[in-house]
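Protein chains: 2
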Amino acid sequence: MNLPMVVPDPSLPTAVTIYEVGARDGLQNEKVTIPTEVKAEFIGRLIDAGLPIVEATSFVHPKWVPQLADAGELISRLDLHGSVALPVLVPNERGLDRALEAGCDHIAIFGSATETFAQKNLNSTLDDQYAMFEPVVSRALAADADVRAYVSMCFGDPWEGAVPIPQVVAAGKRLLDMGAYQLSIGDTIGVATAAHVGALIDAFGAAGVGVDKLAMHFHDTYGQALANAHASLLKGITTFDASAGGLGGCPYAKSATGNLATEDLVWMLTGLGIEHGVDLSSLVATSQWMAANLGRPSPSAVVRALGTPAS
Amino acid sequence: MNLPMVVPDPSLPTAVTIYEVGARDGLQNEKVTIPTEVKAEFIGRLIDAGLPIVEATSFVHPKWVPQLADAGELISRLDLHGSVALPVLVPNERGLDRALEAGCDHIAIFGSATETFAQKNLNSTLDDQYAMFEPVVSRALAADADVRAYVSMCFGDPWEGAVPIPQVVAAGKRLLDMGAYQLSIGDTIGVATAAHVGALIDAFGAAGVGVDKLAMHFHDTYGQALANAHASLLKGITTFDASAGGLGGCPYAKSATGNLATEDLVWMLTGLGIEHGVDLSSLVATSQWMAANLGRPSPSAVVRALGTPAS
Numbered sequence: 657m658n659l660p661m662v663v664p665d666p667s668l669p670t671a672v673t674i675y676e677v678g679a680r681d682g683l684q685n686e687k688v689t690i691p692t693e694v695k696a697e698f699i700g701r702l703i704d705a706g707l708p709i710v711e712a713t714s715f716v717h718p719k720w721v722p723q724l725a726d727a728g729e730l731i732s733r734l735d736l737h738g739s740v741a742l743p744v745l746v747p748n749e750r751g752l753d754r755a756l757e758a759g760c761d762h763i764a765i766f767g768s769a770t771e772t773f774a775q776k777n778l779n780s781t782l783d784d785q786y787a788m789f790e791p792v793v794s795r796a797l798a799a800d801a802d803v804r805a806y807v808s809m810c811f812g813d814p815w816e817g818a819v820p821i822p823q824v825v826a827a828g829k830r831l832l833d834m835g836a837y838q839l840s841i842g843d844t845i846g847v848a849t850a851a852h853v854g855a856l857i858d859a860f861g862a863a864g865v866g867v868d869k870l871a872m873h874f875h876d877t878y879g880q881a882l883a884n885a886h887a888s889l890l891k892g893i894t895t896f897d898a899s900a901g902g903l904g905g906c907p908y909a910k911s912a913t914g915n916l917a918t919e920d921l922v923w924m925l926t927g928l929g930i931e932h933g934v935d936l937s938s939l940v941a942t943s944q945w946m947a948a949n950l951g952r953p954s955p956s957a958v959v960r961a962l963g964t965p966a967s
Numbered sequence: 657m658n659l660p661m662v663v664p665d666p667s668l669p670t671a672v673t674i675y676e677v678g679a680r681d682g683l684q685n686e687k688v689t690i691p692t693e694v695k696a697e698f699i700g701r702l703i704d705a706g707l708p709i710v711e712a713t714s715f716v717h718p719k720w721v722p723q724l725a726d727a728g729e730l731i732s733r734l735d736l737h738g739s740v741a742l743p744v745l746v747p748n749e750r751g752l753d754r755a756l757e758a759g760c761d762h763i764a765i766f767g768s769a770t771e772t773f774a775q776k777n778l779n780s781t782l783d784d785q786y787a788m789f790e791p792v793v794s795r796a797l798a799a800d801a802d803v804r805a806y807v808s809m810c811f812g813d814p815w816e817g818a819v820p821i822p823q824v825v826a827a828g829k830r831l832l833d834m835g836a837y838q839l840s841i842g843d844t845i846g847v848a849t850a851a852h853v854g855a856l857i858d859a860f861g862a863a864g865v866g867v868d869k870l871a872m873h874f875h876d877t878y879g880q881a882l883a884n885a886h887a888s889l890l891k892g893i894t895t896f897d898a899s900a901g902g903l904g905g906c907p908y909a910k911s912a913t914g915n916l917a918t919e920d921l922v923w924m925l926t927g928l929g930i931e932h933g934v935d936l937s938s939l940v941a942t943s944q945w946m947a948a949n950l951g952r953p954s955p956s957a958v959v960r961a962l963g964t965p966a967s
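Have a look at this one:
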């Protein structure tokens, strides 16, 4: 298998944590119901490939995300106390109840940096979003779970356009102040470019939020995800969200919203000599297997280049 | 149309020249013969979209690249003395003769940084390659044409693996010493990562070859092209090769070798506040029109995201 020549850059971090979102963020919008055993096998394969954190599912109401209606059943098939963290997303207290009942102790919440997206996604105002999350976070912490907060629309918003940096920092700080251990800074519509990413990370730093509190979550809608990851590494970011095979959204459609493919990120990190712990060939094989299950090729460049055609 | 928020990075160049290779590098491997009038319209549209340099064709023997057998006929339809330079590739003296007869005064030659690729592509040794190029360059310069030199396999080679940086610098210097005004540093198989790119640019600098002599030519085989372009900007590079719509190679196949899409580069440069002179919506429309001619969608993320479905 081709691999990049390793040329380290001493100004970059020496190790990175990949937070794998393919099983939740990647699959949630799939129209055809994926059997629970396929999801469980997917997660097992991601763990075997060396991913250190694999977000497993979301305890969202099945009315909103029918694909993840089997969250409880899926979790019951997984080892929640192995060496790999298996966080779950919860939209509200009811979701938290279900997650805690299932034994989950890594919780993620999904906030918005913009008023319009809070309205569209959560049917709430920004203030109401915080009021809704507060008991979720406090009860999760009281149950000895940790909480990660996604912040969506951190660069652009389809209704509001460019999102002011101070607005994103303010949203992130409120979620950290509530008790989240990490923010996942989402370029939900993929419009960010490299210096915008750097400026936002700097602004968080100036507000007292260091890179150890930030994960970056890029979408490849305009092809910018990996360049933005490179810009983030230059600022010292050490956690990146990525999706095996680039699952998520519909990369071949006009409204392309594919997640950064884990394989493409792993290729870059490998070339940069940055530790990531992932076995690329196992991961490529996993994404090809999943692509066969979904009936379409992976949008990941690395999967396309290294993969053997599905039989 | 969505556009990125402009956030300049004062450490980057303020303007970049895009050397458009779609009409030559992008089309040369197409199996179905594209009519000369379609090629001429493609080039005209690229000029209208603001590209400052549009490589038009190659005066290679039709036996090797049948798609470009109409080079002379195509050139006769173009304005060689307009404001936009229209370079042509020539493989040897016979090609140069044809190019000069056609009135071309911007010439490109295509060299290799590795022994094996010189053998495979030119059926010569590395030393023979220089011997072959020498009269091409000297005669072109004597005819008041300028000469650009492509250097292929600058990062990895499918037969030799990783290519030592000093070997690439030595090859580039020989071509500059012959009289080429610029090197196009090619990651022909797309294996480069960001710090490898930076290290090669630094090595050229240490050998007395400044960034004003270098253009970077990236392929997106492993998704790295734009991250590598970002790394190049950080080193001060101001010329990038790119292919409208990402034409070139077969991006959906195992042997994916797509060129960096001009649109994806333009999106990044726009976001970084770097002048490029290209009208993105005209360019996207051009690539969609060309995709319709070729009968398959553009691999460019920006074209997919911004384009209207072909009617």
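Line by line, the protein sequences give chains A and B. Its first residue numbered 657, the first sequence is counted upward by one per residue in this note's numbering. Its first residue numbered 657, the second sequence is counted upward by one per residue in this note's numbering. Just so it is clear, CB atoms sit at the ideal spot from N, CA and C, and this is done for glycine as well.
Taking one beta carbon from each stretch, the segment 953 to 960 of chain A and the segment 705 to 725 of chain A have fewer than 3 pairs nearer than 8 Å; the two do not touch. With fewer than 16 neighbouring CB atoms inside 10 Å of its own CB, W815(B) falls in the exposed class.
Listed by position along chain B, the residues whose Cβ is nearer than 9 Å to that of W923(A) are V847, T849, Y878, G879, Q880.
Inter-residue distance for I930(B) and G846(B) is about 24 Å (C-alpha atoms, whole angstroms). Per DSSP, reduced to three states, the secondary structure at V803(B) is strand. With contacts defined by Cβ atoms closer than 9 Å, T918(A) and L683(A) do not form a contacting pair. In chain order, E749 place their CB closer than 7 Å to the CB of P791(A), counting only its own chain and leaving out the 5 sequence neighbours on each side. Interface with chain B (9 Å Cβ-Cβ cutoff): V819(A) is included. Residue C760(B) holds the alpha-carbon nearest to the alpha-carbon of A799(B) among C760(B), A859(B), T877(B). The beta-carbon distance between V744(A) and I763(A), rounded to whole angstroms, is 7 Å. This is short enough to meet the 8 Å contact definition.
Taking 4 residues as the shortest admissible run, the segment 827 to 871 of chain A contains the following complete alpha helix (DSSP H) segments, listed from N- to C-terminal end: 850 to 862. What N779(B) touches in chain A, judged by beta-carbon distance under 8 Å, is nothing: the nearest beta carbon there is about 25 Å away.
Assignment of beta strand (DSSP E) within the segment 720 to 791 of chain A, counting only whole runs of 3 or more residues, yields 762 to 768 in chain order. Beyond the five residues adjoining it in sequence on each side, F860(A) comes within less than 7 Å, by CB distance, of V825, G828, L870 in the same chain, given in chain order.
Taking a contact as a CB-CB distance under 8 Å, the pair S768(A) and Q785(A) counts as one, their CB atoms being some 6 Å apart.
With fewer than 16 other beta carbons inside 10 angstroms of its own, K687(B) counts as exposed.
In the three-state scheme derived from DSSP, where H, G and I count as helix and E and B as strand, I821(B) is classed as helix. For A917(A), no alpha helix (DSSP H) run applies, since DSSP gives it neither H nor E. For S714(B), the secondary structure class from DSSP, reduced to helix, strand or coil, is strand. Residue contact check for G828(A) against chain B: no CB pair falls below 9 Å. Non-local beta-carbon contacts of L797(B) in its own chain, meaning distances under 8 Å to residues more than five positions away in sequence, involve V803, G835 in chain order. P664(B) reaches chain A at A851, counting residues in chain order whose Cβ is nearer than 8 Å. DSSP places I930(A) outside any beta strand (DSSP E), giving it a letter other than H or E. For F896(A), there is no enclosing alpha helix (DSSP H); the residue is part of the beta strand (DSSP E) that begins and ends at 895 to 898. T692(B): member of the alpha helix (DSSP H) spanning 692 to 704, first to last residue.
Setting aside the 5 residues that flank it on each side, A671(A) is surrounded in the same chain by T894, I930, E931, H932, each with a C-beta closer than 8 Å to its C-beta; the list follows chain order. The beta-bridge partner set that DSSP reports for S808(B) consists of S768(B).
The beta carbon of V958(B) falls within 9 Å of a beta carbon belonging to chain A, placing the residue at that interface. Rounded to whole angstroms, the gap between the alpha carbons of G914(B) and T964(A) is 18 Å.
Taking a C-beta distance under 9 Å as the contact criterion, C810(B) and A848(B) qualify as a contact pair.
At the C-beta level, A705(A) and D935(A) come within 9 Å of one another.
DSSP links A948(B) through a beta bridge to no other residue.
Annotation: the continuous beta strand (DSSP E) that includes Y675(B) extends over 673 to 676. Close partners of P822(A) in chain B (Cβ separation under 7 Å) are lacking, with about 14 Å as the shortest Cβ gap.
Taking 9 Å as the threshold, the shortest C-beta distance from F773(A) to chain B does not fall below it.
As a beta-bridge residue in DSSP terms, H873(B) pairs with G842(B), D897(B).
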